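Engineer: First to last, the sequence lines map onto chains A and B.
Under our numbering, think of the first position of the first sequence as 1, with each following residue one higher.
Under our numbering, think of the first position of the second sequence as 1001, with each following residue one higher.
Don't be surprised by glycine CBs; every beta carbon is placed ideally from N, CA and C.
Predicted, not measured: the structure shown is a model, and the values here were computed from it.
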Amino acid sequence: MLGLLGLSSLSAIAFIVVYALDRIPAQTQLLGLALGLALLFLAAALIVVGKTLVPEEELVEPYPPREHPIDQRIVTQLADEGVDSVDRRGLLKLGLLGAGGALTLAAITPALSFGPLRTKYFYGTPWRKGRRLVDENERLLRAAAIEPGEFYTAFPEGADREELGSPVIVVRLQRAELDLPSALRGYDAHGIVAYSAICTHAGCAISMYRVPTFRPIEPRPALVCPCHYSTFDPATGGTVIFGPAGRALPMLPLRIDGNGVLRAAGNFDGAVGPSWWGVRLRGPNP
Amino acid sequence: MVGCAPAGAEPVIRGAVRYLDRRSGTAPFVRKALRYLFPDHWSFLLGEVALYAFIVLVATGVYLTFFFVDSTHEVVYHGPYAPLHDQHMSEAYRSVLDISTRVKAGLLIRQTHHWAANVFIAAIVLHLFRIFFTGAFRKPRELTYYIGVTMLMVTLLEAYLGYSLVDDLLSGMGLAIGYSVGLSIPFVGANVMEWLFHGPFPGSAALWPRMYIAHVFLFPILIAALLTVHLALVALKHHTQFQEGRGQSERAVVGVPTWPGQTPRSLGLMLSVAGVLFLLGGLIQINPIWLWGPYHTYASTNGAQPDWYLGWLIGGLRLMPGFDVVIGKYTLIPNAFWGGALYPLIVFGFLYFAPWLERVLTGDRAYHNVLDRPRDAPRRTAIGVAMIVWVVLVFAAGSADRVDVLFGITYVSQIWVYRVLVFVGPAVGAVIAYRICKELQAGEPVEAARHAAMPAD
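1. Assuming A1205(B) and G203(A) make a contact with CB atoms under 8 Å, what is their CB distance in whole Å?
2. Say whether chain A places a C-beta atom closer than 7 Å to the C-beta of M1173(B).
3. Grab the span of the beta strand (DSSP E) containing R172(A) for me, first residue to last.
4. Under the rule that 16 or more other beta-carbon atoms within 10 Å means buried, what is R970(B), buried or exposed?
5. Answer with yes or no whether the minimum CB distance from M1320(B) to chain A is below 7 Å.
6. Between C199(A), L37(A), I47(A), N259(A), which has its C-alpha nearest G238(A)'s C-alpha?
7. Less than 7 Å between CB atoms is the rule here; does H68(A) satisfy it with respect to chain B?
8. Taking 7 Å as the CB-CB limit, is G1311(B) close to chain A?
9. Closer than 9 Å by beta-carbon distance: list the chain A residues that pair up with N1331(B), in chain order.
10. CB A1433(B) to CB V1385(B), shorter than 7 Å?
11. Would P284(A) pass as a contact of Y123(A) if the rule is Cβ separation under 7 Å?
12. Can you check whether the C-beta of L1440(B) is within less than 7 Å of a C-beta belonging to chain A?
13. Cβ of G1316(B) versus every heavy atom of the ligand FAD: is any distance shorter than 6 Å?
14. At a Cβ threshold of 7 Å, is W1308(B) touching chain A?
15. Given this structure, state the Cα-to-Cα distance separating I146(A) from Y1160(B), to the nearest angstrom.
16. Taking only beta-carbon atoms, is V171(A) less than 7 Å away from chain B?
17. Which chain B residues sit within Cβ distance under 7 Å of Y19(A)?
18. Given a cut-off of 7 Å on the beta-carbon distance, is the pair I47(A) and G1268(B) in contact?
19. Cβ closer than 9 Å: which chain A residues qualify as neighbours of G1282(B)?
20. Could you pull the start and end residues of the alpha helix (DSSP H) that M1089(B) belongs to?
21. For F155(A) and T1155(B), I'd like the C-alpha separation in whole angstroms.
22. Would you call the region 1043–1062 of chain B and the region 1250–1269 of chain B in contact, with 3 or more CB pairs under 8 Å?
23. Assign Y195(A) to buried or exposed, taking buried as 16 or more other Cβ atoms, counted over all protein chains shown, within 10 Å of its Cβ.
24. Using 8 Å as the Cβ pair cut-off and three pairs as the minimum, do the region 168–176 of chain A and the region 134–154 of chain A touch?
25. Residues of chain B with CB under 8 Å from F122(A), in chain order?
26. Look at the alpha carbon of L1440(B) and the alpha carbon of D1372(B), and state the distance between them as a whole number of angstroms.
27. Do R1094(B) and Y1077(B) have their CB atoms nearer than 7 Å?
28. Residues of chain A with CB closer than 8 Å to the CB of H1238(B), please, in chain order.
29. What's the C-alpha gap between A1427(B) and P1378(B)?
30. Does the region 1172–1188 of chain B come close enough to the region 1319–1337 of chain B that 3 or more CB-CB pairs lie under 8 Å?
31. Within the continuous beta strand (DSSP E) that includes I1327(B), where are the two ends?
32. Does DSSP classify Q72(A) as helix, strand or coil?
33. What's the call for E67(A), buried or exposed, on a 16-neighbour Cβ count within 10 Å?
34. So, at 7 Å on beta carbons, what are the nonlocal neighbours of G1061(B) in its own chain, with the 5 sequence-adjacent residues on each side left out?
35. Answer with yes or no whether the minimum CB distance from I1013(B) to chain A is below 7 Å.
36. Would you mind telling me which residues of chain A sit closer than 8 Å to S1300(B), beta carbon to beta carbon, in chain order?
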C-alpha cells in the first residue's frame, strides 16, 4: 500500500514536471497520464485500506419510521390555525392574492427586455430587385462561370452574410430538365436557378449537391441538407423529394445583366428559414 | 453523569469533537451520519459515479471560465494553428482554440471536461435503468425519482449549451437545429425564440453572454440544488436494498456504515472516476474543434454527429416523413416539432408517469424498501425494455448516414426500415423480455433444488 501511495506521489510530481517543461511533443497526453495515474494510484491505495485495514462488516438497523403521526397532527393543526385566521377575513385573502399576483407580474416584466416578440423580422432578407450575386470572397458571380453539375453558394453584394435570408445556392440545369410550377415560371436565368441555402426543416445550410451518377436510379440532381438529409429538387421549384422538411426551398428569381453578372430579379417566393407558425402567411419583405 | 468523550480516545479527536459540538450542537447528527448504513451492491455505485463526474465537471469547468470569452464579436485568426489562419471567426471560438493550443494543460482540462460530461450523462442513464428495473421509484421514494428525472433533463440542456458555446461549425449547426426545434412549437415558438435569441437566428450579440451565464451559473446551480435535495431524500428514507438473506427486510436495512467501512470505498471510487476521466482527457481525443472550423450560418459539413446523448433526438428528427401540419396559410405544427420536441416529451412524460403507471397497473400502493429483481416484475421489465428498444432504434436511425458511408447500405432504404422497426421493435423487445423473466422465475425452484441436492458447495 505504501508502494501505491509512493507511485501516486511520483505521478503527481511527474505532472508538475511535465507542466513546467517548455512545449514538448505529446504534452497533453503526458499531463493526462500523470494526473490520471496519480489519482488512480491513490484510489487503489484507499481501496486496499478499505479491504484490509478497516473493518468492513455489515450492520443491521431498523429503517426510519414510515411516518410521524403525532407531528403530522400538530403541523396540520398549526397550519390550519394560520390559514383560518386569514380565511375568516375574505377581503384580506383577496388583497393578499392580489398583491402577490401583481408583485409577481412586476417581477417578471423586465424579462420582456430580453428581445422582441414581434415576428416581422422573420420576413426580412437583404435581397432586392437588381442586387448582384457575389461569392464567398465578394467576387461577382457571372452566369458564364456557372458549370452544370457544380454547386455555388452566393450572397447579396455587400450584405450581412450571417443573416438567414442571405445565402443562396446557385446551380445550372438543362433547360429541358426544368419543370417549374407556373407561379415560379421565369425565376430561372437560362437554366440557372437559385434557392435559399437554409433548410426549411431545421435551419442548417444545404451543402450537398447530388448529381446523378446512374440515371435510372437517381434521375434528377438534388440539393441535400447534411443535418437530417432533407432532399430538394432544384428543377421543380425546390420541392421536397425526401427527408423531414415540410416546405419547398424558397426560390430567388434571377436575371443576367448586360455584363453577364447574375442579379436578383426580386425577392424569394416565400419566407426563408426553418418553419414556424407564420412562415406561409406571406412572402419576404419586398 | 455528564456525557463525556471516552477517556481512552485520542485527545486531539476528543478535543475537536467537543469543540465542534459545543459551538454547533451537531454531535447527534454526526453520530447518525457516521453510522448511516450503505447497502452493498455494485449497481448502487452508478449514482455515485454520476456525482463524482459532476464534481470533475465543476472543477474543470471553473478552470475553463478563466480563459473562455463569451462573445461572438468577429475576429481574424492569427494563432498557432496554421490551417485556420486569416479565417473570420467569433471571439468565443478563438478563445477555445487558444485554450486548446496556447494555454498549458488547457487541452487536457477541456477534453476532460467534455469526457466528464459524456460520462456524467451515461452514469445518470444507467442509474435510471437501475432505479426503473428494480422498482426503486416506488413509495416512499417517488420524490427522489422525480427530482432525478428532472436532473437528467436539466443536464441534457446544460450539456447542449456547453457544446454550443464553442461556436465551431458543428456546435453552430447544433444550435441552429435547437433554434429550429424551438421555432416549431405551435403558436408561440417563433416569438419565444426571437425573445431568447434577441432577434431571429443567429441572434444578436446578447445571445452568447446569455448562454454562457446559463451554462456556468444558472444550470449548474439548479443541478447542485436538485442534487442536494435528491441526496437528502435518499438519506432521510435510507437506501433500498436487495433481499439477499443476510437480515434484509422491509423493516431492517443491512449495510456497511459510513465510517469507517464505506469512506475509503467511496473516496476510492471518487478518485477512480477522476483518474479515469483525466486519462481519457489526456489520451483520447474528443471534439477536436480546430478541425471543424468556425461556424457560419451558410456553412455546414457532412457526416456531422452530435455527442452521444443527443443522438436519439437527431434520429427522431431524421426519421420523420416530410410534412408540416398546415391550416389554410397558418402553419400549425412545423415538422421539427415531432422529432425534436414531441418525441423527448413522450420519453420524459413516460419517465414522470412511471410511478403512477405502476400503481395503476399493479394496484400496489404499499411501502417498499426491498427492491425487485427485473424478473420479479415481468410487466414492468417488459415496458422498460420496450421503451429502451424504441429510443435505441431511433438513436440508431440517427447514425444511418455513417452506416451508408461505412457499409454502403443506402440511406433512404435504411430510413424506411427504421420507420417500420420503431413500431415493431418495442413490441418484440417487450415480448422477449417478458418471456425471459417468466423463464427465470420458473427456473428458480429448479436451481434451488439443484443447490440443495449438491452438498457442500
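Structural biologist: In this structure, then:
1. On the second sequence, residue 1205(B) is found 205 positions in, with the first residue counted as 1. On the first sequence, residue 203(A) is found 203 positions in, with the first residue counted as 1. Not confirmed; about 19 Å, so no contact.
2. The residue you call residue 1173(B) lines up with position 173 of the second sequence. So, interface residue.
3. By one-based count along the first sequence, residue 172(A) stands at place 172. Here the beta strand (DSSP E) through R172(A) covers 168–172.
4. Any property of residue 970(B) remains undetermined from this structure, which presents chain B solely from 1001 to 1457.
5. Here residue 1320(B) refers to the residue found at position 320 when the second sequence is read from its first residue. With 7 Å as the cut-off, M1320(B) counts as an interface residue toward chain A.
6. For this step, residue 238(A) is matched to residue 238 along the first sequence. Here the closest residue by C-alpha is C199(A).
7. The count along the first sequence starts at 1 and reaches residue 68(A) at position 68. Output row for H68(A): interface = no.
8. Start at 1 with the first residue of the second sequence, and residue 1311(B) comes out as number 311. No, G1311(B) lies away from the interface with chain A (no Cβ there is under 7 Å from its Cβ).
9. By 1-based counting over the second sequence, the position of residue 1331(B) is 331. Here residue 1331(B) turns out to be Thr, not Asn, going by the sequence shown. Within chain A, the residues near T1331(B) are G246, R247, S275, W276, W277, G278, V279, R280, L281.
10. Against the second sequence, residue 1433(B) aligns to sequence position 433. Against the second sequence, residue 1385(B) aligns to sequence position 385. Yes. Within cutoff.
11. Taking the first sequence and counting its residues from 1, the one referred to as residue 284(A) is at position 284. Taking the first sequence and counting its residues from 1, the one referred to as residue 123(A) is at position 123. Yes. Within cutoff.
12. Reading the second sequence from its first residue, position 440 is the one you call residue 1440(B). For L1440(B), the answer is no, since every Cβ of chain A falls outside 7 Å of its Cβ.
13. You won't find the ligand FAD in this model; it holds no ligand whatsoever.
14. As a working mapping, residue 1308(B) is identified with position 308 in the second sequence. No, W1308(B) does not count as interfacial toward chain A.
15. Here residue 146(A) refers to the residue found at position 146 when the first sequence is read from its first residue. Here residue 1160(B) refers to the residue found at position 160 when the second sequence is read from its first residue. Between I146(A) and Y1160(B), the C-alpha separation is close to 39 Å.
16. To locate residue 171(A), count along the first sequence from 1; it is residue 171. Not an interface residue.
17. Here residue 19(A) refers to the residue found at position 19 when the first sequence is read from its first residue. Neighbours of Y19(A) on chain B, chain order: K1104, A1105.
18. In the first sequence, counting from the first residue as 1, residue 47(A) sits at position 47. In the second sequence, counting from the first residue as 1, residue 1268(B) sits at position 268. Going by C-beta atoms, I47(A) is nearer than 7 Å to G1268(B).
19. For this step, residue 1282(B) is matched to residue 282 along the second sequence. Residues of chain A passing the Cβ test: T28, Q29, L30, L31, G32, L33, A34, L35, G36.
20. Your numbering for residue 1089(B) matches position 89 in the second sequence. No alpha helix (DSSP H) holds M1089(B); the beta strand (DSSP E) holding it covers 1088–1090.
21. By one-based count along the first sequence, residue 155(A) stands at place 155. By one-based count along the second sequence, residue 1155(B) stands at place 155. Distance between the alpha carbons of F155(A) and T1155(B) is about 38 Å.
22. yes
23. On the first sequence, residue 195(A) is found 195 positions in, with the first residue counted as 1. Buried.
24. yes
25. As a first step, residue 122(A) must be located in the first sequence, where it is residue number 122. A1190, E1194, P1200, listed in chain order.
26. In the second sequence, residue 1440(B) corresponds to position 440, counting from 1. In the second sequence, residue 1372(B) corresponds to position 372, counting from 1. Each residue's alpha carbon lies about 14 Å from the other.
27. Counting from 1 along the second sequence, the entry for residue 1094(B) is found at position 94. Counting from 1 along the second sequence, the entry for residue 1077(B) is found at position 77. Against a cut-off of 7 Å, the Cβ pair of Y1077(B) and R1094(B) comes out as a contact.
28. On the second sequence, residue 1238(B) is found 238 positions in, with the first residue counted as 1. What H1238(B) touches in chain A: Y63, P64.
29. Taking the second sequence and counting its residues from 1, the one referred to as residue 1427(B) is at position 427. Taking the second sequence and counting its residues from 1, the one referred to as residue 1378(B) is at position 378. Going by the C-alpha atoms only, they are around 14 Å apart.
30. yes
31. Looking up residue 1327(B) in the second sequence gives position 327. That run of the beta strand (DSSP E) goes 1325–1327.
32. One-based indexing of the first sequence puts residue 72(A) at position 72. Here Q72(A) sits in helix by DSSP.
33. As a working mapping, residue 67(A) is identified with position 67 in the first sequence. Exposed, by the Cβ-count rule.
34. Translated into the one-based positions of the second sequence, residue 1061(B) becomes position 61. Same-chain partners within the cutoff: H1113, V1216.
35. Indexing the second sequence from 1 puts residue 1013(B) at position 13. Closer than 7 Å: no.
36. Counted from its first residue, the second sequence places residue 1300(B) at position 300. In chain order: C204, A205, I206, S207, C225, P226, C227.
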